[in-house]
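Below: the structure, in structure tokens.
Numbering (my numbering), first residue to last: 25 to 294.
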């Protein structure tokens, strides 16, 4: 079969042109993106409160479920690991910011419709990646429990907390689980910080989205680690009051992430 060299060259150039290009940013970009994200939330608070409330209720349900099946001692790992799913839930906030940026009207049908359409495409695979990371985190917690505390059965969360804070084995578990959690969170952040916004914005596959996200972090290590620390701190504070803080924190972080993505990834060349 013969091929047209000219057409092949054009296809290769088109492919190169459409590949996401990462830019360098600094702390000022984070501050400006945060200001833009806050402005989006103020301009359309009902959408943000809806998605934040959905996330908060999901967290409360998970906590209730842990107590319902007799594993209340895993409430803390569940609550912290639940934050890994935040980027997927925030897709609605990305869409709100995208529409405001493009001057498109905000309507529930359009926003939820865009989310539904994307979830059946590459965004669905990206959601599976985050869910897999969350499940692996919980699996690692169980392994660390067995390694540090043996096969002990804890009837209540209070009993587990007493053992974890008053015995050498319990202290070792706390140290290891927090170190492991930091590593898992960093991996999840690196893979998703740009992935979800770019999948919503462009026709790319989820592998390309993750590669772009990794490139963005590698190209801006200090800035992106600073952003990761801000996200972690805000999410931690939001979860403490029975997840209520997520009503506001999730949408603000979601809107900010969209604007940060716009600064990190150059527009498609025309």
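Ideal Cβ placement from N, Cα and C applies to all residues, glycine included. Values in this document were obtained by computation on a predicted structure and should not be read as measured data.
For residue 199, DSSP assigns no beta-bridge partner whatsoever.
DSSP places residue 43 in no alpha helix (DSSP H); its state is neither H nor E.
Residue nearest to residue 89 within the set 107, 102, 77 is 102 (criterion: CA-CA distance).
Excluding five sequence positions before and after residue 248, the CB atoms of its chain that fall closer than 6 Å to its own CB belong to 241, given in chain order. Our two residues, residue 139 and residue 115, have alpha carbons roughly 7 Å apart in a direct line. At the C-beta level, residue 155 and residue 220 stay beyond 8 Å of one another.
For residue 291, the closest C-alpha among the options 225, 49, 211 is that of 225. The way I'd put it, the segment 273-281 does touch the segment 72-86; three or more beta-carbon pairs between them come closer than 8 Å. Residue environment for residue 244: buried (at least 16 other C-beta atoms within 10 angstroms of its C-beta).
Only residues of its own chain outside the window of five on either side were considered, and among them 172, 173 have a CB closer than 7 Å to the CB of residue 193, listed in chain order. Listed in chain order, the alpha helix (DSSP H) elements of length 4 or more contained wholly in the segment 223-248 are 230-243.
In the three-state DSSP reduction, residue 208 falls in the helix class (H, G or I). In the DSSP annotation of this structure, residue 127 is not part of any alpha helix (DSSP H), being labelled neither H nor E.
DSSP lists no bridge partner for residue 292. In the structure shown, the three-state DSSP call for residue 145 is coil. Residue 129 counts as exposed, since fewer than 16 other C-beta atoms from the protein chains shown sit within 10 angstroms of its C-beta. Judged by DSSP secondary structure, residue 99 falls within the alpha helix (DSSP H) whose first and last residues are 99-106. Per DSSP, residue 265 is not a residue of any alpha helix (DSSP H), being assigned neither H nor E. With the rule of 3 Cβ pairs closer than 8 Å, the segment 176-184 does not count as touching the segment 195-212.
Residue nearest to residue 177 within the set 78, 96, 210 is 96 (criterion: CA-CA distance). C-alpha of residue 123 to C-alpha of residue 109: approximately 23 Å in a straight line.
Judged by beta-carbon spacing, residue 289 lies within the 8 Å limit of residue 222, meaning their Cβ atoms are closer than that value.
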